[in-house]
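What follows is a short report on a single structure.
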Amino acid sequence: ETGVTQTPRHLVMGMTNKKSLKCEQHLGHNAMYWYKQSAKKPLELMFVYNFKEQTENNSVPSRFSPECPNSSHLFLHLHTLQPEDSALYLCASSQDMTLRSTIYFGEGSWLTVV
Amino acid sequence: AQSVTQLGSHVSVSEGALVLLRCNYSSSVPPYLFWYVQYPNQGLQLLLKYTSAATLVKGINGFEAEFKKSETSFHLTKPSAHMSDAAEYFCAVSPSSGSARQLTFGSGTQLTVLP
């Protein structure tokens, strides 16, 4: 039990599909993150939410759309993705945005775009 | 701007041998440095972090790392490898005055432990 739960763990979708990834944290944290992990590449920060407000969008294509309805839940809505979007998507949370707060990661959602 | 270089994408050691995973960083300001571990089919877990206190940092599972400013390094070590240490290890850097959004990760080092 990591405290950060992601569903689904595996997702295969066509390029014209619409799907969503869900993340829930049970740690009472105020900051939540989406990262993309591709093989042999560094983790890429995609989005950051602090107290439900989006504070970061690292030039992510609009086919990825985040939603944070409350401080415990974070979604990543996916639409008309490309095969190069296939990757492991990691959700994470921390008490606050300071570096002294440990970032806790979920187990990730493996996305395959066909 | 900051960056991290992890030397060696794959490292193999025998069980009981010393583990040494290399990390060099580049930062124009004093850094904070981190090591994370990712076990198969799991997310990343913090092993240890340097936040400008002691230069020798001890983490979980017997790992430690030493911050060497003159060498711009933060290598991860463990005296005796165990089979359960097989995982991917990520070094990360951030400016000490920054926030979590400025955390920059390396490409990772896959550690294999041979029986």
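Sequence lines, in order, name chains A and B.
Here this note's numbering is used: the first residue of the first sequence is 1, the next is one more, and so on.
Here this note's numbering is used: the first residue of the second sequence is 115, the next is one more, and so on.
The beta carbon of each residue, even a glycine, is placed where N, CA and C say it ideally should be.
Beta carbon of residue i, beta carbon of residue j: below 8 angstroms?
i              : j              : result
V113 (chain A) : M13 (chain A)  : yes
V143 (chain B) : P209 (chain B) : yes
P61 (chain A)  : L74 (chain A)  : no
H189 (chain B) : E202 (chain B) : no
L217 (chain B) : L135 (chain B) : no
A195 (chain B) : G130 (chain B) : yes
G173 (chain B) : L162 (chain B) : yes
S211 (chain B) : K40 (chain A)  : no
L21 (chain A)  : Y89 (chain A)  : yes
Let's test the definition: count the other Cβ atoms within 10 Å of the Cβ of residue i and tell me whether it reaches 16, buried, or not, exposed.
i              : result
S109 (chain A) : buried
P8 (chain A)   : exposed
T98 (chain A)  : exposed
N175 (chain B) : exposed
Q82 (chain A)  : exposed
A167 (chain B) : exposed
Alpha carbon to alpha carbon, how far is residue j from residue i? Give it in angstroms, no decimals.
i              : j              : result
C137 (chain B) : L111 (chain A) : 29 angstroms
Q227 (chain B) : N58 (chain A)  : Residue identity check: residue 227 (chain B) is Val in the sequence provided, not Gln. If you take the alpha carbons of V227 (chain B) and N58 (chain A), they lie about 36 angstroms apart.
T165 (chain B) : F219 (chain B) : 16 angstroms
T102 (chain A) : Y150 (chain B) : 11 angstroms
Q152 (chain B) : Q6 (chain A)   : 16 angstroms
H26 (chain A)  : S71 (chain A)  : 10 angstroms
T169 (chain B) : A206 (chain B) : 16 angstroms
S141 (chain B) : E53 (chain A)  : 29 angstroms
G106 (chain A) : F148 (chain B) : 18 angstroms
N17 (chain A)  : K192 (chain B) : 46 angstroms
V127 (chain B) : D85 (chain A)  : 34 angstroms
Q156 (chain B) : A115 (chain B) : 29 angstroms
Along chain A, in chain order, which residues have C-beta atoms closer than 7 angstroms to that of residue i?
i              : result
Q156 (chain B) : E107
G220 (chain B) : P42
Y203 (chain B) : Result: empty, since nearest Cβ-Cβ is about 13 angstroms, beyond 7 angstroms.
Which chain A residues are close to residue i, counting only those with a beta carbon under 8 angstroms from its beta carbon?
i              : result
A214 (chain B) : A31, Y33, V48, S94, M97, T98, L99, S101 and I103
S123 (chain B) : K40
S208 (chain B) : L99
Taking C-beta pairs closer than 9 angstroms, name the residues in chain B that residue i reaches, listed in chain order.
i             : result
T16 (chain A) : What T16 (chain A) touches in chain B: nothing, since even the nearest Cβ is about 29 angstroms away.
Using a Cβ cut-off of 8 angstroms, pull out every chain B residue sitting near residue i, in sequence order please.
i             : result
T55 (chain A) : R215
P61 (chain A) : Neighbours of P61 (chain A) on chain B: none; closest Cβ ~19 angstroms, over 8 angstroms.
L27 (chain A) : In chain order: nothing, as chain B lies at least about 13 angstroms away.
L76 (chain A) : The premise fails here: L76 (chain A) is roughly 15 angstroms from chain B at the closest Cβ pair, so nothing lies under 8 angstroms.
L90 (chain A) : G157 and L158
What does residue i reach in chain B if we use C-beta pairs closer than 7 angstroms?
i             : result
L45 (chain A) : R215
Would you say the region 22-40 of chain A touches the region 83-101 of chain A, given that touching needs at least three Cβ pairs under 8 angstroms?
-> yes
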